[in-house]
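Engineer:
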Amino acid sequence: MTEQVNQNIPISFAQLGKLIYNDIEKSTTKSSIMTKYTKEQIVRFLENPKGNQKELRKLSNFLFNGSPNYRRLILYFANMLKFDYIVEPFDLNTEKIEIDKFKKQYLQTIKSLEIMNIPHEMQKVLKTCFKEDVFYGYEHSTVDSYFIQRLNPDFCRISSIEDGIYNFEFDFSFFNDSTYNVENYPQEFQTKRKLYLNDKLNNRWQELDSKQTICIKINDEFEYPVPPFNTVFEAVFDIDETKRMRKISTKMDNYMILTQQIPIDDKKSEPNQFLIDLDTAIAFHNKAIQSLPEEVGLVTSPMKIEAIKLERRNKDADHVAQSERDYYNASGVSQMLFNSDKTNSTALSKSITTDEQIVLTVLRQIERWVNRKLKYINNKYKFRVKFLDTTNFNYKEISDLYLKAAQYGMPVKQELAATLGLSPSSLISKTFLENDVLDLHNKLIPLSSSHTISGKDGAGRPTKNEDELSESGLKTKDTDGNIRE
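Counting with full-length UniProt numbering, you get residues 1 to 485 for the letters of the sequence shown.
Okay, here's the thing in structure tokens:
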């Protein structure tokens, strides 16, 4: 009897430990992104980025889908630009210009750009670029439609630079996989696929026609692709790990162990004289377990009965918040943009301005690519696209800048219209509709404003928007501090 109890009581403790571990693991590991990658793998990838291009690309896409922090960081940059643009002539001899031909070619140019739907297509390009560093695409266009097909980056590589823009080669062994039918690709792919089949050794990699391709790269200081935000990969895993540990700690805080005592004959001097046999104790133990919730464990022991709650008296600090701060520090982006508990409008504004410089550098690359396309359709007169430095954060300031310049006679009406969301084509068509067809400029009466009413009518300084106020200004507005009795 004594020997059996001594052997089985420790087993009960082991089973309880296993119960707690399994219960905690079951509720915390399924959502963990660490089930696919380890930090050791990430370090190994980053030590040799050129040799691990494919792995880093897959890792970045995996984190984009699995980490809300990383996803928001990518979308923050990819969706920042507004892609407002104007079309202007250059190398123009104003003394020999033929107005009708000039106007016809200008309208043809802006029509071609309108069909391209640049803001929509380029947002898709930038989303890929900020995840993978490079976007490889092939254009499909008709008389009235246009879209860019993204090519598999595992079968593309940068091969040359033309007019400041990247060109790339395509690996035609891509079509060795029967899943991809070359007949579903443009004629250029079909023609060069035949060349590959005739000489697989020398024609595996072939450069595609630069007139039909687009290749945009974020990290232009590297000749090979490197995800722009590779510096935060380890930090993403730190956040995931600390969240997982916090769940475990919370689980342990709410866990309770009950001990049930086996009665002992105290009258006898011999040890381990139990009044209940082991089989009976185990039977009651199992019945008690069936009636307990998952958060409560049970141990059968000859010790005194008491409740044990696994609660830490001195709780650790929230390491998740610290991990997220480390993450944003590694990314170089202000955490105040993403639900921070601290706000500083001046510091935030400066941080956004710094971030804008990153996307504006990419915008210049896109601008050169579009202008390279226009060279193919320019005839007697030359036109080029100019993208304005407008983002979703600064477009109001830039619009005010152009408005003030227009008031002093500067030729910036197109730029002003662009900041208001009007493409060159929209500007022309809406001006014609409102002025020549509907005669709205003569029929609409201006609304009353501080410029059309006297001070007695309640004129005064216009109220500022909340995003234009400082922290002290917001506090004054909330408390009505400027109202006088």
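Glycine included, each C-beta is placed from N, C-alpha and C at the ideal position.
(1) Cutting at 6 Å between CB atoms, please list the residues of its own chain near V412, excluding the five before and the five after it.
(2) Looking at C-beta atoms only, is the number of pairs between the region 163-176 and the region 198-211 that lie closer than 8 Å three or more?
(3) Alpha carbon to alpha carbon, how far is V320 from D238?
(4) Starting from the C-beta of N442, find all residues in its chain whose C-beta is less than 7 Å away, skip the five residues before and the five after it, and write them out in chain order.
(5) Tell me, please, whether the region 102-120 touches the region 61-75 by the rule of three or more beta-carbon pairs shorter than 8 Å.
(6) In three-state terms, what does DSSP make of Y138?
(7) Anyone know if the C-beta pair for F130 and A78 falls short of 9 Å?
(8) Locate the alpha helix (DSSP H) running through K404, then write down its first and last residues.
(9) State the DSSP-derived secondary structure class of E204, mapped to helix, strand or coil.
(10) Among all the DSSP beta bridges, which residues are the ones paired with R150?
(11) When you compare only the Cα positions, how much space is there between E241 and P227?
(12) Using the beta-carbon count (16 or more within 10 Å), is K192 buried or exposed?
(13) Do you know offhand how far P446's Cα is from R384's?
(14) Just to confirm, are K364 and D163 a CB contact at a threshold of 9 Å?
(15) Using CA coordinates, which residue listed in Q212, F175, F284 is at the minimum distance from K200?
(16) Of all Cβ atoms in chain D, is any one closer than 9 Å to the Cβ of P186?
(17) Which value, in whole angstroms, describes the spacing of the CA atoms of residue 555 and A283?
(18) When you compare only the Cα positions, how much space is there between K267 and L275?
(19) Cα separation between S426 and N202?
(20) State the DSSP-derived secondary structure class of N314, mapped to helix, strand or coil.
(21) Since N167 is in the alpha helix (DSSP H), which residue starts that stretch and which ends it?
(22) Taking only the alpha-carbon atoms, compute the straight-line gap between K350 and T390 and give it to the nearest angstrom.
(23) In whole angstroms, give me the CA-to-CA distance for N22 and L278.
(24) From which residue to which residue does the beta strand (DSSP E) around T213 run?
(25) Alpha carbon to alpha carbon, what distance is there between A235 and A317?
(26) Does DSSP classify P119 as helix, strand or coil?
(27) Using the Cα positions of I218 and G51, report the straight-line distance between them to the nearest angstrom.
(28) Pick helix, strand or coil for V143, following the three-state DSSP scheme.
(29) Look at the alpha carbon of I216 and the alpha carbon of F45, and state the distance between them as a whole number of angstroms.
(30) Apart from the five residues just before and just after S210, which ones in its own chain have a Cβ nearer than 7 Å to its Cβ?
(31) State the DSSP-derived secondary structure class of L46, mapped to helix, strand or coil.
(32) Return the chain-ordered list of same chain residues with a C-beta closer than 7 Å to the C-beta of Y180, the five sequence neighbours on each side being excluded.
(33) Quick one: what's got a C-beta closer than 7 Å to I379's C-beta in the same chain, skipping five residues either side?
(34) Which residue from S178, Q261, F222, L81 puts its Cα closest to that of V353?
(35) Taking only the alpha-carbon atoms, compute the straight-line gap between L195 and S160 and give it to the nearest angstrom.
Structural biologist: By the coordinates alone:
(1) On the sequence shown, position 412 is the one that residue 412 refers to. Taking V412 as the centre and dropping the five residues before and after it, the same chain places the C-beta of Y402, A405, A406 closer than 6 Å to its C-beta, in chain order.
(2) yes
(3) Your numbering for residue 320 matches position 320 in the sequence shown. Your numbering for residue 238 matches position 238 in the sequence shown. At V320, the pLDDT of 49 sits below 50, so the modelled position is not reliable and the matter cannot be decided from this model.
(4) Within the sequence shown, the letter at position 442 stands for residue 442. Around N442: no qualifying Cβ.
(5) no
(6) The residue labelled residue 138 in the question sits at position 138 within the sequence shown. The answer is strand: DSSP assigns Y138 an E or B state.
(7) As a working mapping, residue 130 is identified with position 130 in the sequence shown. As a working mapping, residue 78 is identified with position 78 in the sequence shown. Contact flag set, yes.
(8) Locating residue 404 in the sequence shown gives position 404, where the first residue counts as 1. K404: member of the alpha helix (DSSP H) spanning 395-407, first to last residue.
(9) Here residue 204 corresponds to residue number 204 of the sequence shown, with the count starting at 1. The sequence as given places Arg at residue 204; Glu does not occur at that position. Note: R204 maps to coil in three-state DSSP.
(10) In the sequence shown, the residue the question calls residue 150 occupies position 150. BP columns for R150 point to G137.
(11) On the sequence shown, position 241 is the one that residue 241 refers to. On the sequence shown, position 227 is the one that residue 227 refers to. Each residue's Cα considered, the two are about 22 Å apart.
(12) Numbered from its first residue, the sequence shown carries residue 192 at position 192. With 16 or more neighbouring CB atoms inside 10 Å of its own CB, K192 falls in the buried class.
(13) Counted from its first residue, the sequence shown places residue 446 at position 446. Counted from its first residue, the sequence shown places residue 384 at position 384. Computed Cα separation, rounded: 36 Å.
(14) Locating residue 364 in the sequence shown gives position 364, counting from the first residue. Locating residue 163 in the sequence shown gives position 163, counting from the first residue. The identity of residue 364 in the sequence shown is Arg, whereas the question assumes Lys. It is not a contact, given that the beta carbons lie outside the stated cut-off.
(15) Indexing the sequence shown from 1 puts residue 200 at position 200. Comparing C-alpha distances from K200 to each of Q212, F175, F284 shows the shortest one belongs to F175.
(16) In the structure shown, chain D does not exist; there is a single protein chain.
(17) Examination of residue 555 is not possible in this model, given that the chain is present from 1 through 485 alone.
(18) What you label residue 267 is simply residue 267 of the sequence shown in a count that begins at 1. What you label residue 275 is simply residue 275 of the sequence shown in a count that begins at 1. So the alpha carbons of these two residues sit roughly 11 Å apart.
(19) Residue 426 sits at position 426 when you count from the first residue of the sequence shown. Residue 202 sits at position 202 when you count from the first residue of the sequence shown. Rounded to whole angstroms, S426 to N202 spans 49 Å at the Cα level.
(20) In the sequence shown, counting from the first residue as 1, residue 314 sits at position 314. With a pLDDT of only 47 at N314, under the threshold of 50, the placement of this residue in the model should not be trusted, and no figure is reported.
(21) Numbered from 1 along the sequence shown, position 167 holds the residue referred to as residue 167. That residue, N167, is in no alpha helix (DSSP H); its beta strand (DSSP E) goes 165-171.
(22) The residue labelled residue 350 in the question sits at position 350 within the sequence shown. The residue labelled residue 390 in the question sits at position 390 within the sequence shown. Whole-angstrom Cα-Cα distance: 16 Å.
(23) Here the question's residue 22 lines up with position 22 in the sequence shown. Here the question's residue 278 lines up with position 278 in the sequence shown. Low confidence applies here, because N22 scores a pLDDT of 47, under 50, leaving its location unreliable and the question unanswered by this model.
(24) Indexing the sequence shown from 1 puts residue 213 at position 213. From DSSP, the beta strand (DSSP E) with T213 extends over 213-217.
(25) Along the sequence shown, read from residue 1 onward, the residue named residue 317 stands at position 317. Along the sequence shown, read from residue 1 onward, the residue named residue 235 stands at position 235. Caution is warranted here: a pLDDT of 48 is assigned to A317, below 50, making its placement in the model unreliable, and the coordinate value is therefore given only provisionally. Going by the C-alpha atoms only, they are around 18 Å apart.
(26) Your numbering for residue 119 matches position 119 in the sequence shown. Here P119 sits in helix by DSSP.
(27) Counting from 1 along the sequence shown, the entry for residue 218 is found at position 218. Counting from 1 along the sequence shown, the entry for residue 51 is found at position 51. When rounded, the distance between both Cα atoms is 19 Å.
(28) Position 143 of the sequence shown, counted from the start, is the residue given in the question as residue 143. Looking at V143 - three-state DSSP - the assignment turns out to be coil, as it is neither helix nor strand.
(29) Here residue 216 refers to the residue found at position 216 of the sequence shown. Here residue 45 refers to the residue found at position 45 of the sequence shown. Near 23 Å, if we compare the C-alpha coordinates of F45 and I216.
(30) Residue mapping note: residue 210 aligns to position 210 of the sequence shown, counting from 1. For S210, where only same-chain residues beyond five positions count, the Cβ hits under 7 Å are E162, N167.
(31) Reading the sequence shown from its first residue, position 46 is the one you call residue 46. Looking at L46 - three-state DSSP - the assignment turns out to be helix.
(32) For the purposes of this step, residue 180 is taken as the residue at position 180 of the sequence shown. The answer, listed in chain order, is F174.
(33) Against the sequence shown, residue 379 aligns to sequence position 379. The question names Ile, but residue 379 in the sequence shown is Asn. Answer for N379: Q105, listed in chain order.
(34) What you label residue 353 is simply residue 353 of the sequence shown in a count that begins at 1. A small correction: the amino acid at residue 353 is Thr; Val does not occupy that position in the sequence shown. It is L81.
(35) Position 195 of the sequence shown, counted from the start, is the residue given in the question as residue 195. Position 160 of the sequence shown, counted from the start, is the residue given in the question as residue 160. Near 21 Å, if we compare the C-alpha coordinates of S160 and L195.
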